Amino acid sequence: MSAWRKAGLTYTQYISVAAKTLRSALKTELQTPHVLGRGHSEVCFTKYQKGSPVADPKPLSK
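Note that the sequence shown covers residues 1 to 62 in full-length UniProt numbering.
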């Protein structure tokens, strides 16, 4: 069994942690906003009824 699975992580969570660790380990001159911004994502939710959107997309909150 994989170490990440033993730790109770999904594969997506494992990859996310690995990517954050790698970005934080970069030399200071390589830690540009472009590189550090790759870990940010935006997700919206749209409610559908009978195949058509009922409302405008709303951002998901934590």
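Cβ atoms here follow ideal geometry from the backbone N, Cα and C, with glycine treated the same way. It should be emphasised that the depicted structure is a prediction, and the values quoted were computed from it without experimental measurement.
Nonlocal neighbours in the same chain, by C-beta distance under 7 Å from residue i, ignoring five residues either side
| i | result |
| --- | --- |
| Lys-58 | Cys-44, Phe-45 |
Rounded straight-line distance, which links the Cα of residue j to that of residue i
| i | j | result |
| --- | --- | --- |
| Ala-55 | Lys-47 | 6 Å |
| Ser-24 | Met-1 | 27 Å |
| Gln-13 | Arg-38 | 15 Å |
| Ala-7 | Lys-50 | 41 Å |
| Pro-53 | His-40 | 26 Å |
| Glu-29 | Thr-21 | 16 Å |
Same chain, Cβ closer than 6 Å to residue i, neighbours up to 5 away in sequence not counted
| i | result |
| --- | --- |
| Trp-4 | Tyr-14 |
Sequence-distant residues of the same chain with beta carbon closer than 8 Å to residue i, five excluded per side
| i | result |
| --- | --- |
| Leu-60 | Val-43, Cys-44, Phe-45 |
| Leu-9 | Val-17 |
| Leu-26 | Val-35 |
For residue i: DSSP bridge partner residues
| i | result |
| --- | --- |
| Pro-53 | Tyr-48 |
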